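A.B. asks: Let me give you the structure first, and then I'll get to my questions.
Spelled out as structure tokens, the structure:
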């Protein structure tokens, strides 16, 4: 969990200073706390789930507006905004993306846009699953928390 906190302070502090994010909850795997943990941040109608799973970083987004809402991985949000495909693991390029597009992300998850956003993200997720089914690929071992700290 310390790695996750260091990452947030070192790379995502703008979420607090610029967007007034608050920690809504945390989860710690006490047996594996050095490389596993989850922190949930809330900004307006958006929940940002920042996870560390076996030293791999993941960031997911969810609306607070609908109880049955799914979390959507940052790569799907990336694809929706940029029309480009990337892998699901979070890396330094994604930090730049969040800085640049946080206003857009908040807009996409706002009440007046969310249902349309959800529809598009589910379509992108389905497309991604189809691609995964069609090919085998390896996850790069270099996209982990240790590249940040």
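In the working numbering, the protein residues as written are 541 to 689.
C-beta atoms are modelled at their ideal positions from N, C-alpha and C, and glycine is treated no differently.
These numbers come from a predicted model, not from an experiment.
#1: Going straight from the alpha carbon of residue 556 to that of residue 598, what length do you get?
#2: Thinking C-alpha only, which one of 668, 669 and 654 is nearest residue 607?
#3: Determine which residues share a DSSP beta bridge with residue 599 and list them.
#4: With three or more beta-carbon pairs closer than 8 Å as the criterion, would you say the region 589-597 touches the region 642-649?
#5: Taking 7 Å as the cut-off, decide whether the C-beta atoms of residue 611 and residue 589 are in contact.
#6: For the candidate residues 658, 641, 635 and 625, whose alpha-carbon lies nearest to that of residue 668?
#7: Leaving out the 5 sequence neighbours to the left and right, which residues in its chain are closer than 7 Å to residue 559 when beta-carbon positions are compared?
#8: Determine the DSSP secondary structure at residue 649, reduced to helix, strand or coil.
#9: Excluding the five sequence neighbours on either side, which residues of its own chain have a C-beta within less than 6 Å of the C-beta of residue 635, listed in chain order?
#10: Closer than 6 Å by C-beta to residue 609: which residues in its own chain qualify, once you throw out the five before and the five after it? Chain order, please.
#11: Go ahead and pull the three-state DSSP assignment for residue 557.
C.D. replies: On the basis of the supplied data:
#1: Numbered from its first residue, the chain shown carries residue 556 at position 16. Numbered from its first residue, the chain shown carries residue 598 at position 58. Roughly 19 Å separates the two Cα atoms.
#2: The residue given as residue 607 occupies position 67 in the chain shown. Nearest of 668, 669 and 654 to residue 607, Cα basis: 654.
#3: Here residue 599 refers to the residue found at position 59 when the chain shown is read from its first residue. Bridge partners of residue 599: 590.
#4: no
#5: Looking up residue 611 in the chain shown gives position 71. Looking up residue 589 in the chain shown gives position 49. A contact, by the Cβ cut-off of 7 Å.
#6: For the purposes of this step, residue 668 is taken as residue 128 along the chain shown, with counting starting at 1. Cα-wise, what sits closest to residue 668 is 625.
#7: Here residue 559 refers to the residue found at position 19 of the chain shown. Cβ within range, chain order: 583 and 642.
#8: Here residue 649 refers to the residue found at position 109 when the chain shown is read from its first residue. If DSSP states are grouped into helix, strand and coil, residue 649 belongs with coil.
#9: Taking the first residue of the chain shown as position 1, residue 635 is located at position 95. Around residue 635: 551.
#10: Position 69 of the chain shown, counting from 1, holds the residue named residue 609. Answer for residue 609: 602 and 603, listed in chain order.
#11: Here residue 557 refers to the residue found at position 17 when the chain shown is read from its first residue. DSSP places residue 557 in helix when its eight states are reduced to three.
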